[in-house]
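**Q** Right, I'll just put the structure down here and ask away after.
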Amino acid sequence: MSRIVIGLSLACAFCTLSASPSLSQSQKGEPAPAKSAQVSTPSAAGIAPSVAPDGDAYDSRALRIESHWGRMTIVRGADGPVVGTAGVFRTADVAQIVAGSPRAEEEARLFKASHRSGAVASALGALTFGVGLIATTNTSNNAATPILMIGGLGSILWGARRLDSAYSSLSRAVWWYNRDLKSRD
Amino acid sequence: MLRVLLAGFMATWFLSGGVDTMEAQAQAGQTEYDARALRLESSWGFGKLVRGREGTVIGKVGGFRAPDLATAVSPSREAISEAKEFKQRYDRGNLALVGGALAMSVGIGLARLDGVDANVLVPAYVLAASGTALVTYAAVQLNRGYSALARSIWWHNRDLRK
Chain Z
4 MSRIVIGLSL ACAFCTLSAS PSLSQSQKGE PAPAKSAQVS TPSAAGIAPS VAPDGDAYDS
64 RALRIESHWG RMTIVRGADG PVVGTAGVFR TADVAQIVAG SPRAEEEARL FKASHRSGAV
124 ASALGALTFG VGLIATTNTS NNAATPILMI GGLGSILWGA RRLDSAYSSL SRAVWWYNRD
184 LKSRD
Chain H
137 MLRVLLAGFM ATWFLSGGVD TMEAQAQAGQ TEYDARALRL ESSWGFGKLV RGREGTVIGK
197 VGGFRAPDLA TAVSPSREAI SEAKEFKQRY DRGNLALVGG ALAMSVGIGL ARLDGVDANV
257 LVPAYVLAAS GTALVTYAAV QLNRGYSALA RSIWWHNRDL RK
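Taken in order, these protein sequences are the chains called Z and H. Once you know that position 155 of the first sequence is 158 in my numbering, the rest is easy, because the numbers rise by one and skip nothing. Once you know that position 37 of the second sequence is 173 in my numbering, the rest is easy, because the numbers rise by one and skip nothing.
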């Protein structure tokens with residue numbers, strides 16, 4: 004009996020040692036894609052059908068952001084309707100569109116805050132830069148014109164950075180919404 | 137001794153199976169979307185193709201370059217199809233943009249030259265107009281290309297497990 008116990012203990016120790024590297028790797032987050040890549044390789048050769056088991060809710064409700072002449076349109080579903088647009092000055096209530104997913108709503112709020120400040124700063128910057136430029140070309144040069152132009156340019160850049168951040172937040176909001184949509188099924 | 141070996145073998149088999157199952161559930165069952173789902177983020181007017189919850193950048197879109205999207209969205213068939221459309225339109229759009237901008241610049245430049253006669257002026261305007269048309273065509277192609285990119289990512293994420 005004791006030999007059986009010893010045998011079991013040895014086997015347990017062996018298994019724990021051999022399993023630990025893969026577990027510690029999976030905690031780093033790297034092997035997950037590798038494992039998935041192994042799983043998905045046959046499908047790449049066209050063996051597995053590309054139909055998700057939980058495709059119905061995703062097909063009808065998942066969002067994506069498409070581009071339409073400089074404006075972002077938020078589209079729902081595979082062939083679904085446009086549920087909102089995100090331009091520089093007018094944008095939809097993204098928090099309402101992604102309602103139900105806490106992380107998505109958080110990103111939507113970040114989008115709204117960054118978008119508004121970015122749009123206002125860009126517009127004011129363009130206006131200030133324009134005024135400075137007109138003042139320069141009208142040969143009414145004074146000390147204020149370079150300040151106006153540099154200030155305007157700085158404001159445009161800051162606004163562009165904020166808009167950049169806003170659109171990344173919008174992308175993450177959609178990502179989280181779709182993720183929670185999948186996990187709820 | 138035989139019983140020891142048998143017990144050891146059974147314990148090894150059981151534990152190995154148990155670890156695999158847990159790993160499979162952790163990696164494939166619940167975290168495949170977290171680990172592999174793509175999104176396109178913005179960075180100074182360029183697109184960043186980002187993978188997973190951690191946000192690993194796997195490629196940049198813009199400035200006449202784009203990642204190998206078809207490989208990134210493999211094995212989803214619809215995603216690969218959209219990725220091919222993106223590549224086609226993106227390359228065509230960039231080419232038309234360069235050609236159009238060049239034609240427009242040369243046309244406008246020639247038209248603005250001092251003392252240029254009508255024999256040069258008319259072709260210069262035609263060149264500028266053709267350049268404008270080509271730039272518009274490029275914008276349409278790039279616009280449709282980016283929409284195909286969005287759909288490709290959508291299909292890829294759709295075909296991932298939960």
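Glycine included, C-beta positions come from ideal geometry on N, C-alpha and C.
I'd like to confirm the pairing. Which residues does DSSP put opposite H:K184 in its beta bridges?
**A** By 1-based counting over the second sequence, the position of residue 184 of chain H is 48. According to DSSP, H:K184 bridges with H:E177 and H:K196.
**Q** Hey, quick one: how far does the alpha helix (DSSP H) through H:L263 stretch, first residue to last?
**A** In the second sequence, the residue the question calls residue 263 of chain H occupies position 127. Its alpha helix (DSSP H) spans residues A254 to R294.
**Q** Please check if any C-beta of chain H sits within less than 8 Å of the C-beta of Z:I68.
**A** For the purposes of this step, residue 68 of chain Z is taken as the residue at position 65 of the first sequence. It does; some Cβ of chain H falls within 8 Å.
**Q** In its own chain, which residues sit with a C-beta less than 8 Å from the C-beta of Z:G87, not counting the 5 before and 5 after it?
**A** By one-based count along the first sequence, residue 87 of chain Z stands at place 84. Cβ neighbours of Z:G87 beyond the five flanking positions: T76, I77, T94, A95, D96, V97 and I100.
**Q** I'd like to know if H:Y273 contacts chain Z, where contact means its C-beta is closer than 8 Å to some C-beta of that chain.
**A** Position 137 of the second sequence holds residue 273 of chain H. So no, H:Y273 is outside the interface.
**Q** Would you kindly work out how many angstroms separate the C-alpha atoms of Z:Y61 and H:V256, rounded to a whole number?
**A** On the first sequence, residue 61 of chain Z is found 58 positions in, with the first residue counted as 1. On the second sequence, residue 256 of chain H is found 120 positions in, with the first residue counted as 1. Cα to Cα, the separation comes out at about 59 Å.
**Q** Compute the distance between the beta-carbons of H:A264 and H:G243, then report whether it is under 8 Å.
**A** Here residue 264 of chain H is taken as the residue at index 128 of the second sequence, counted from 1. Here residue 243 of chain H is taken as the residue at index 107 of the second sequence, counted from 1. Cβ distance < 8 Å, so H:A264 and H:G243 count as in contact.
**Q** Between the segment 278 to 289 of chain H and chain Z, which residues of the former have a C-beta closer than 8 Å to a C-beta of the latter?
**A** Answer in chain order: N279, Y282, S283, A286, R287 and I289.
**Q** In chain H, which residues lie with their C-beta within 9 Å of the C-beta of Z:H118?
**A** Within the first sequence, residue 118 of chain Z is the residue found at index 115, counting from 1. The contacting residues do not exist; Z:H118 stays about 12 Å from chain H at best.
**Q** Give me the Cα-Cα distance between Z:A169 and H:G235, rounded to the nearest whole angstrom.
**A** Counting from 1 along the first sequence, the entry for residue 169 of chain Z is found at position 166. Counting from 1 along the second sequence, the entry for residue 235 of chain H is found at position 99. Roughly 33 Å between the two C-alpha positions.
**Q** Is Z:V101 helix, strand or coil when you go by DSSP?
**A** The residue you call residue 101 of chain Z lines up with position 98 of the first sequence. Note: Z:V101 maps to coil in three-state DSSP.
**Q** Is any beta-carbon of chain H found at less than 8 Å from that of Z:W178?
**A** The sequence position of residue 178 of chain Z within the first sequence is 175, counting from 1. Interface residue, yes.
**Q** Going by the CB atoms, is the gap between H:L174 and H:R189 shorter than 8 Å?
**A** For this step, residue 189 of chain H is matched to residue 53 along the second sequence. For this step, residue 174 of chain H is matched to residue 38 along the second sequence. No, the Cβ-Cβ distance between H:R189 and H:L174 is not below 8 Å.
**Q** Counting only C-beta atoms, is H:E218 closer than 8 Å to chain Z at any point?
**A** As a first step, residue 218 of chain H must be located in the second sequence, where it is residue number 82. Not an interface residue.
**Q** Helix or strand or just coil, what does DSSP make of H:E190?
**A** Along the second sequence, one-based indexing puts residue 190 of chain H at 54. Reduced to three states, the DSSP call for H:E190 is coil.
**Q** Does chain H have any CB closer than 8 Å to the CB of Z:A65?
**A** As a working mapping, residue 65 of chain Z is identified with position 62 in the first sequence. Taking Cβ atoms only, chain H reaches closer than 8 Å to Z:A65, which makes this a yes.
**Q** Give the interface partners of H:L233 over in chain Z, defined as CB-CB distance under 8 Å, in chain order.
**A** Indexing the second sequence from 1 puts residue 233 of chain H at position 97. Within chain Z, no residue comes near H:L233; the closest Cβ sits about 15 Å away, beyond 8 Å.
**Q** Quick check on DSSP: helix, strand or coil for H:S210?
**A** Locating residue 210 of chain H in the second sequence gives position 74, where the first residue counts as 1. Three-state DSSP puts H:S210 in coil, outside helix and strand.
**Q** Tell me whether Z:V91 sits in a helix, a strand or coil according to DSSP, three-state version.
**A** Within the first sequence, numbered from 1, the residue matching residue 91 of chain Z stands at position 88. If DSSP states are grouped into helix, strand and coil, Z:V91 belongs with coil.
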